[in-house]
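A.B. asks: Numbering (our numbering), first residue to last: 3 to 291.
#1: Given this structure, state the Cα-to-Cα distance separating residue 261 from residue 270, to the nearest angstrom.
#2: When DSSP labels each residue in this structure, what does residue 140 get in the three-state scheme?
#3: My output table needs one value for residue 238: the three-state DSSP class, helix, strand or coil.
#4: Nearest by alpha-carbon distance to residue 75: which of 52, 147, 104, 191 is it?
#5: What first and last residue would you give for the alpha helix (DSSP H) that runs through residue 50?
#6: Rounded to the nearest angstrom, how far is the Cβ of residue 139 from that of residue 165, given a contact under 8 Å?
#7: Going along the chain, which unbroken runs of the beta strand (DSSP E) with 3 or more residues stay wholly within the segment 103-129?
#8: Sort 4, 44, 29 by Cα distance to residue 11 and report the nearest one.
#9: Distance check for residue 48 and residue 237, CA to CA, integer angstroms please.
#10: Could you pull the start and end residues of the alpha helix (DSSP H) that residue 278 belongs to?
#11: Three-state secondary structure (DSSP) at residue 202?
#12: Give the secondary structure of residue 255 by DSSP, where H, G and I count as helix, E and B as strand, and everything else as coil.
#13: Using alpha carbons as the reference points, say which of 212, 81, 89 lies closest to residue 243.
#14: What is the rounded straight-line gap between the Cα of residue 231 and the Cα of residue 91?
#15: Can the beta-carbon of residue 273 be found less than 7 Å from the beta-carbon of residue 252?
#16: Please state the DSSP three-state secondary structure of residue 33.
#17: Locate the beta strand (DSSP E) running through residue 70, then write down its first and last residues.
#18: Nearest-angstrom Cα distance between residue 36 and residue 176?
#19: What does residue 170 pair with, by DSSP beta-bridge criteria?
#20: Contact defined as beta carbons within less than 8 Å: I believe residue 67 pairs with residue 112. What is the distance between those atoms, to the nearest angstrom?
#21: List the whole-angstrom C-beta distance separating residue 62 from residue 33, where the pair is believed to meet the contact cut-off of C-beta under 8 Å.
#22: Find out if the Cβ-Cβ distance for the pair residue 160, residue 126 is shorter than 7 Å.
This is the structure we're talking about:
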């Protein structure tokens, strides 16, 4: 039986990444698929990159690009709009400052999708969001998802991006979402990845959830200085790590709504800290105005 570890959306959570890799390696797995969003959100991104480069040297690995990688690539071309101390872009800027030229070149040449074949097993498509667009979500019970599945070149799509593990079946085609290693939603604070199993020409799978030292990751937010550079973004990160609830996008959208209500308009990334503060109070702490 062929076993492949499929990991997505690490977002710089190197302790969670190491936990998932150790688990897979202890099972004898020596093939890894990585589905993008390697850093961003959390502290000390180089620690995550060093782990990935080490795995790449030792094992058979496949990598695709996520939407976070596009942020870094595009910022190289047009380095404007991000602020060092700002809850909207401070985390992006911090991560960018801690990436090397080697990291940026690695991201630049990653494909957005790849079709893979392993021996006599059915071909699979790997991608971050969808096979046609990095930031597109493959959601259950969704006509757009079904359209993409029907028009994809293979019967299996492996993806991430939504930070939710899951399976979608449509007309004998299958989408498997590996969830998120680093900041999963609805996981009770556990790191997530997937094991793909190939036997006698067909694929099976196992969703894995693992406990790890969350408080160490949160401590890093403070020791690195990141919690000062992106204060309310990091408060959302802490809550998400501990509870698996409430995404950054949900809080950002509320902050932008508050901004628009107060100032008449709101254009990303210009979201005032006072709007972030109120959004965090409402959504995380339940303090309504």
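We put the CB at the ideal spot given by N, CA and C, even for glycine.
C.D. replies: Reading it off the structure:
#1: 10 Å
#2: coil
#3: helix
#4: 104
#5: 47-60
#6: 10 Å between Cβ atoms; not a contact.
#7: 115-118, 126-129
#8: 44
#9: 22 Å
#10: In the DSSP annotation of this structure, the continuous segment of the alpha helix (DSSP H) that includes residue 278 starts and ends at 275-285.
#11: Of the three classes helix, strand and coil, the one that applies to residue 202 here is coil, per DSSP.
#12: helix
#13: Comparing Cα-Cα distances from residue 243 to each of 212, 81, 89, the minimum goes to 212.
#14: The alpha-carbon atoms of residue 231 and residue 91 are separated by roughly 9 Å.
#15: no
#16: The DSSP-derived three-state label of residue 33 is strand.
#17: Residue 70 -> not in any beta strand (DSSP E); alpha helix (DSSP H) instead, spanning 69-79.
#18: 19 Å
#19: According to DSSP, which records beta bridges pairwise, residue 170 is partnered with 177.
#20: 4 Å
#21: Right, their Cβ atoms sit about 5 Å apart.
#22: Taking 7 Å as the cut-off, the Cβ atoms of residue 160 and residue 126 count as close.
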